[in-house]
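Going from the sequence shown to the numbering used here is simple: count from 1 and add 4.
First comes the structure, then the notes that go with it.
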Amino acid sequence: MLFLPDTNAISAYMRGANPGLASRMQAAFVRDELRLSVIVLAEREFGVIKGGNAAQRRKLLSLEQLLTIVPFTREDARRYATLRHQLESRGQGIGPFDTLIAAQALRLGATVVTRNIREFGRVTGLSVENWET
5 MLFLPDTNAI SAYMRGANPG LASRMQAAFV RDELRLSVIV LAEREFGVIK
55 GGNAAQRRKL LSLEQLLTIV PFTREDARRY ATLRHQLESR GQGIGPFDTL
105 IAAQALRLGA TVVTRNIREF GRVTGLSVEN WET
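Laid out in structure tokens, this is it:
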């Protein structure tokens, strides 16, 4: 099983905001089940630059070295386009970055780790878990 945390989950982990989340992420890491989307990496890079926080920079660099980074592929681009069209045609669009992450997770057969169950739950066939509860 693979887990692909979204930006909110990675941000909460980096802040140390939730011991339960940290414990589950560490367990998934030990089992080599945790991956880092390049989309999430890009969002966190922006957050670190915007915030100018050296400690957050070090934590992000550590995550980059520890986790397998999932690139965005042509297949992901096609899945994204189809997925976005399906969601928007039903009037249930989700954020653009979340749609990109969902496309990657579908390709990988991964479960998205997020507290944003409501939006990711709109994606047919996508497995979603909230580890912050």
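Note that the Cβ used here is the ideal one computed from N, Cα and C, for glycine as well.
Could you please give the first and the last residue of the uninterrupted alpha helix (DSSP H) stretch that includes residue i?
i, result
"residue 73", "Here residue 73 belongs to no alpha helix (DSSP H); instead the beta strand (DSSP E) covers 72–74."
"residue 104", "100–112"
"residue 86", "78–93"
"residue 11", "11–19"
Can you list, in chain order, the residues of its chain whose CB lies under 6 Å from that of residue i, leaving out five sequence neighbours each side?
i, result
"residue 13", "117, 118"
Assuming residue i is part of the beta strand (DSSP E), what are its boundary residues?
i, result
"residue 39", "39–41"
"residue 116", "115–117"
Roughly how far, in whole angstroms, is the beta-carbon of residue i from the beta-carbon of residue j, given that I think they are within contact range, below 8 Å?
i, j, result
"residue 42", "residue 87", "Going by Cβ atoms, the distance from residue 42 to residue 87 rounds to 17 Å, so no, they are not a contact pair."
"residue 110", "residue 130", "6 Å"
"residue 91", "residue 98", "6 Å"
In chain order, what residues of the same chain lie with their CB nearer than 7 Å to the CB of residue i, ignoring the 5 residues before and after it?
i, result
"residue 28", "135"
"residue 47", "11, 101"
"residue 82", "none"
Leaving out five residues before and five after residue i in sequence, what residues of the same chain have Cβ atoms less than 8 Å from its Cβ?
i, result
"residue 71", "33, 38, 39, 40"
Tell me the DSSP secondary structure of residue i in three-state form.
i, result
"residue 127", "coil"
Quiz prompt | In chain order, each alpha helix (DSSP H) run of at least 4 residues that lies wholly inside the stretch 24–70 | solution = 42–55, 58–70
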